[in-house]
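Worksheet: one structure, shown below.
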Amino acid sequence: MKLDENILQIFNKDWALVTAGDEQNFNTMTIGWGGLGTLWSKPVATVYVKPCRYTHEFLERNEYFTISFFDGKHKTALGVLGSKSGRDCDKVALGGLTPRFLAHGVTFCEACTTLVCKKIYRQDLDPNAIPQDARDRYYQSEAPHTMYVGEVVDVVR
């Protein structure tokens, strides 16, 4: 088996969008942390979102979420979607992306690949279990991330 090194950088280097909600009301944000694997004999994707982010509310309320991956020409749009809040503006329009509504979530017409995930687990990260250097770097003024694990139930291309 050959493991493509890019799979290990797909979140950190290439970024992605995590989106939750439906056609009437959804929010999305750029993520740089995540993972793909298996849990309980199911294919899963894991994402991490801070409670202060507007998208966190949507992840909490919804049973499904999507993770959308883009080619490099959309990096600017992902930058906009990671720096603006959906509470304050229509950041999807500002980023120039076109929503695409699915049976279980929202993706974007410009996405190369989207994972549709059914939420099967969530856990707030325990500050006491986080290494000190990470606490110092990421959690000086905000609560730690919530980890969401979703069973990958569909792949949309």
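Residue numbers 432 to 588, in this note's numbering, belong to the letters of the sequence shown in order. We put the CB at the ideal spot given by N, CA and C, even for glycine.
Could you tell me which of the options sits nearest to residue i, measuring between CA atoms?
| i | options | result |
| --- | --- | --- |
| cysteine 543 | Lys473, Ile551, Ile498, Arg492 | Ile498 |
| threonine 469 | His576, Phe539, Gln563, Cys548 | Cys548 |
| glycine 513 | Ile438, Leu439, Leu448, Val583 | Leu448 |
| threonine 459 | Leu509, Lys473, Leu439 | Leu509 |
| valine 584 | Arg566, Ile438, Lys473, Gly452 | Lys473 |
| asparagine 493 | Gly526, Gln455, Phe442 | Gln455 |
| cysteine 520 | Phe457, Lys444, Lys506, Ala534 | Phe457 |
| asparagine 437 | Ala524, Ala565, Asp502 | Asp502 |
| glutamate 541 | Ile441, Cys483, Lys506, Lys515 | Lys506 |
Which first and last residues belong to the beta strand (DSSP E) in which residue i is found?
| i | result |
| --- | --- |
| glutamate 488 | Unbroken run through glutamate 488 is the alpha helix (DSSP H), 485–492; no beta strand (DSSP E). |
| serine 516 | Looking at the DSSP string, serine 516 is not in any beta strand (DSSP E), and its letter there is neither H nor E. |
| alanine 524 | Looking at the DSSP string, alanine 524 is not in any beta strand (DSSP E); the run it does join, the alpha helix (DSSP H), is 522–526. |
| proline 530 | 530–533 |
| isoleucine 462 | 457–462 |
| phenylalanine 501 | That residue, phenylalanine 501, is in no beta strand (DSSP E); it is neither H nor E in DSSP. |
| alanine 574 | Note, alanine 574: premise wrong, no beta strand (DSSP E); not H, not E. |
| leucine 439 | No beta strand (DSSP E) contains leucine 439, which DSSP labels as neither H nor E. |
Can the beta-carbon of residue i be found less than 8 Å from the beta-carbon of residue j?
| i | j | result |
| --- | --- | --- |
| lysine 522 | valine 511 | yes |
| phenylalanine 496 | threonine 450 | yes |
| valine 475 | tyrosine 579 | no |
| arginine 553 | threonine 538 | no |
| lysine 550 | glycine 517 | no |
| glycine 452 | phenylalanine 489 | yes |
| valine 587 | threonine 545 | yes |
The ligand COA and residue i: does any heavy atom of the ligand fall closer than 7 Å to the residue's C-beta?
| i | result |
| --- | --- |
| lysine 481 | Among the components modelled here there is no ligand, and therefore nothing to report on the ligand COA. |
Hey, quick one: how far does the alpha helix (DSSP H) through residue i stretch, first residue to last?
| i | result |
| --- | --- |
| arginine 566 | 563–569 |
| alanine 542 | Run containing alanine 542: none; DSSP gives neither H nor E here. |
Per DSSP, residue i forms a beta bridge with which residues?
| i | result |
| --- | --- |
| alanine 476 | Leu467, Gly581 |
| phenylalanine 553 | As written in the sequence, residue 553 is arginine, which differs from the phenylalanine given in the question. Arginine 553 is bridged to Tyr579. |
| asparagine 559 | Answer is none; asparagine 559 lacks a bridge partner. |
| phenylalanine 496 | Cys548 |
| glycine 536 | Leu533 |
| glycine 510 | Answer is none; glycine 510 lacks a bridge partner. |
Whether or not the region 567–574 and the region 515–532 are in contact is what I'm after, with contact meaning three or more pairs of Cβ atoms, one per stretch, closer than 8 Å; do they touch?
no
Assess contact between the region 461–473 and the region 553–566, defined as three or more Cβ pairs (one per stretch) separated by less than 8 Å. Is contact present?
no
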